[in-house]
Amino acid sequence: ATRGIDVIYHLAAVADVNNVAADPTGSVALNVLGTANVLESARQNELRRVVLASTVWVYGAAREERVDERVCFDPALTGHVYTTTKIAAEMLCHDYQTMFKVPFTILRYGIPYGPRMRPSLVIPIFMRKAISGEPMTVAGDGSQNRKFVYVEDLADAHVLALAPEAENQTYNIDGSEEVTILRIAETVHRLLGGKGIEFVPARTGDYGGKQVSSTKAAREIGWTPKVDFDAGMERTVAWFLETQGQPALNRT
457 ATRGIDVIYH LAAVADVNNV AADPTGSVAL NVLGTANVLE SARQNELRRV
507 VLASTVWVYG AAREERVDER VCFDPALTGH VYTTTKIAAE MLCHDYQTMF
557 KVPFTILRYG IPYGPRMRPS LVIPIFMRKA ISGEPMTVAG DGSQNRKFVY
607 VEDLADAHVL ALAPEAENQT YNIDGSEEVT ILRIAETVHR LLGGKGIEFV
657 PARTGDYGGK QVSSTKAARE IGWTPKVDFD AGMERTVAWF LETQGQPALN
707 RT
């Protein structure tokens, strides 16, 4: 399948942490052994680059709160089989480059959003609740934050990652804004209406997010996110309504 091509984008993985928890051995087989198979194919067919989709969730294994591509990981902090599989996949890329000179680029995604996003993520969950007239549930005060990267910005990063400067490098590809869960719910309510927001007790040990720097990607390959969260949400909601139904009428 890879004979005669120059580059392979390896995006395949079990990416939903709930699915990983339900089938950890199958997830390890797909995420780790699957990556090894891709790299072996690239070695045998002398591909010019393997681009691996990783994730900023690997920084769960970092002790620092402000993180970039230079931080070290503590195995005792990985906390989830999914995180471990992505770190292992990254390590395989380095091993294949060291042992067999297979060129790679690793992109650590922030949380992608936009048209055709996974239905199990918080944004589509909130949108479905809004159009069905159910309240959006926010744990605690909703201050937990993430950075979201719009799908078109993410696609641009994959083109820029083919630059010579990106060979054998790792880049964080993350959004520019820290967006709280409460802001997501408020944005969905503003755009779709519905029954509003319901606060429930905070979950013990809920992940608050880390401050991930994408400065290296901007400096070396010229990538910066261009679509801000509000604009991206307007596009996402328009797609959702076109494919899922009409907005709720109750905007109280």
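Take the position in the sequence shown, starting the count at 1, then add 456; the result is the number in our numbering. The beta carbon of each residue, even a glycine, is placed where N, CA and C say it ideally should be. This one's a predicted model, so the numbers in the text were calculated from it and none came from an experiment.
Taking 3 residues as the minimum length, the beta strand (DSSP E) runs contained wholly in the region 650-687 are 653-656, in order along the chain. Boundaries of the alpha helix (DSSP H) around N474: 473-478. Looking at the DSSP output, N493 sits in no beta bridge, so it has no partner there.
In the structure shown, N628 adopts extended strand secondary structure according to DSSP, grouped into three states. Straight-line measurement puts the Cα of A498 at about 16 Å from the Cα of A509. Boundaries of the alpha helix (DSSP H) harbouring Y538: 537-556, taken from the DSSP string. Remark: C-beta atoms of I653 and A641 approach each other more closely than 8 Å. A straight-line Cα-Cα distance of about 32 Å links V683 and S483.
As the crow flies, the alpha-carbon of Y569 is around 10 Å from that of V578. The region 607-625 makes contact with the region 557-575: 3 or more CB pairs, one atom from each, lie closer than 8 Å. Burial is judged here by how many other beta carbons sit within 10 angstroms of a residue's own beta carbon; P681 has at least 16 and is buried. Looking at D462, T491, V537, the one whose alpha-carbon comes closest to that of E502 is D462. DSSP, reduced to helix, strand and coil, places F529 outside both helices and strands of the structure shown, so it counts as coil. The continuous stretches of alpha helix (DSSP H) do not include L467, and DSSP gives it neither H nor E.
Shortest Cα-Cα distance from T534 to any of E546, L616, A517, V473 involves A517. Inclusion of L638 and A586 in the CB contact set at 8 Å is not warranted, their separation being larger than that value.
Annotation: the continuous beta strand (DSSP E) that includes V635 extends over 634-636. Bounds of any alpha helix (DSSP H) do not take in R505; it lies within the beta strand (DSSP E) bounded by 505-511.
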